[in-house]
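Heads up: the structure comes next, in structure tokens.
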Amino acid sequence: MNNAKPTILSASKTMDNIPRMALHEQVADRLRHMLVEGVIEPGAKLNEREICEVLNVSRTPLREAIKLLAAEGLVELLPNRGAVAARLDESDIISTFEVLATLEGMSGELAAERITEDELSEIQAMHYEMMACFARKNLAGYYDLNARIHAAINAAAKNPVLSQIYRSVNTRAHPVRFHTNHDESKWKLAAAEHSEMLEALAARDGAKLKRILVGHLENKRDAVLSQLRKSSASTSTSTAAKAKRKSV
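Numbering (the working numbering), first residue to last: 247 to 494.
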């Protein structure tokens, strides 16, 4: 008979612990998707009971997931209010895109040197598919492929540290970054810049690709700020109108 006392190490290997760790990470992934895709809008309170019902989980893994997302900057933990979806203000947007432009520029420069022919072919295929979405005015498809192309260029740089930092900053910017091409002229400009990116990448011109990517992110920052200001002005006008009606 084996009467050996169980150790912490042996206990950690039991199947009971594995699903719990996997579960809170899965919950974080689902919530992250809801946040970056705008299903949960910026500033909205995360209703624990509702989310638990939707995801069919208990509150413990949900709260662990929320802590992870708070560390990523996607969620804010407010005293006596719980968790709310992070809302980027002008200062946040300027700071975030400043860093993101630097990271993408570096990614492009390194990718031009290190990308394989297979990786280049894959990015080109995504680009052609994205441009087909642009021609059909398929905004959702365009956004999806756009994000995948930028991620693929970063991956082609083959720098794990750069990729880790990029993912963190890009996740923070994602809710506003890929939801601003409602203005057709800005959408045309962004699509044209993507064509220039592909030409520079195919030519393995790192300096040119870096310059294009930095400019692309600066234009995106300006588009995001413009949309934020329009939204703020609209909200202020609506609030003033409501206040005026109440005073009558």
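We put the CB at the ideal spot given by N, CA and C, even for glycine.
Exercise for the section: Check A403 in the structure and name its three-state DSSP category. Expected result: coil
Problem - Length of the line joining the Cα atoms of P406 and N326 - result: 39 Å
Practice task
Would you check if the region 338-355 and the region 428-435 touch, i.e. whether three or more CB-CB distances between them fall below 8 Å?
Solution key: no
Practice task
Please report the residue range of the alpha helix (DSSP H) in which G319 lies.
Solution key: For G319, no alpha helix (DSSP H) segment is defined, and its DSSP state is neither H nor E.
Exercise for the section: Consult DSSP for V415 and reduce its assignment to one of helix, strand or coil. Expected result: helix
Problem - Of the residues E365, E445 and Q370, the one placed nearest K404, counting alpha carbons only - result: For the residues E365, E445 and Q370, the minimum Cα distance to K404 belongs to E365.
Practice task
Please report the residue range of the alpha helix (DSSP H) in which V345 lies.
Solution key: E336 to R360
Exercise for the section: Measure the alpha-carbon distance for L408 versus S353 and round it to whole angstroms. Expected result: 8 Å
Exercise for the section: Look at the alpha carbon of L455 and the alpha carbon of T417, and state the distance between them as a whole number of angstroms. Expected result: 22 Å
Handout entry: Beta-carbon proximity list for H270, same chain, < 6 Å, skipping 5 on both sides
Key = Cβ within range, chain order: P307, E310 and A311.
Problem - According to DSSP, residues forming a beta bridge with G452 - result: Paired residues: none, contrary to the question.
Problem - Euclidean distance between Cα positions of I458 and V415 - result: 19 Å
Exercise for the section: Taking 8 Å as the cut-off, decide whether the C-beta atoms of L315 and R276 are in contact. Expected result: no
Practice task
Quick one: residues in its chain with C-beta nearer than 7 Å to the C-beta of A419, no 5 flanking neighbours on either side, listed in chain order?
Solution key: T342, F343 and L346, listed in sequence order.
Problem - Check whether I286 and A329 have beta carbons under 8 Å apart - result: no
Exercise for the section: Quick one: grab the DSSP three-state call for G289. Expected result: coil
Exercise for the section: Grab the span of the beta strand (DSSP E) containing V330 for me, first residue to last. Expected result: G328 to A331
Exercise for the section: Report the three-state DSSP secondary structure of S409 (helix, strand or coil). Expected result: helix
Exercise for the section: With DSSP as the reference, label R295 as helix, strand or coil. Expected result: Residue state, collapsed to three classes: helix.
Problem - Residues near G319 by beta carbon distance below 7 Å, same chain, minus five either side - result: A332 and R418
Handout entry: Three-state class that DSSP yields for S477 in the structure shown
Key = helix
Problem - CB contact flag (L447, A378, <8 Å) - result: no
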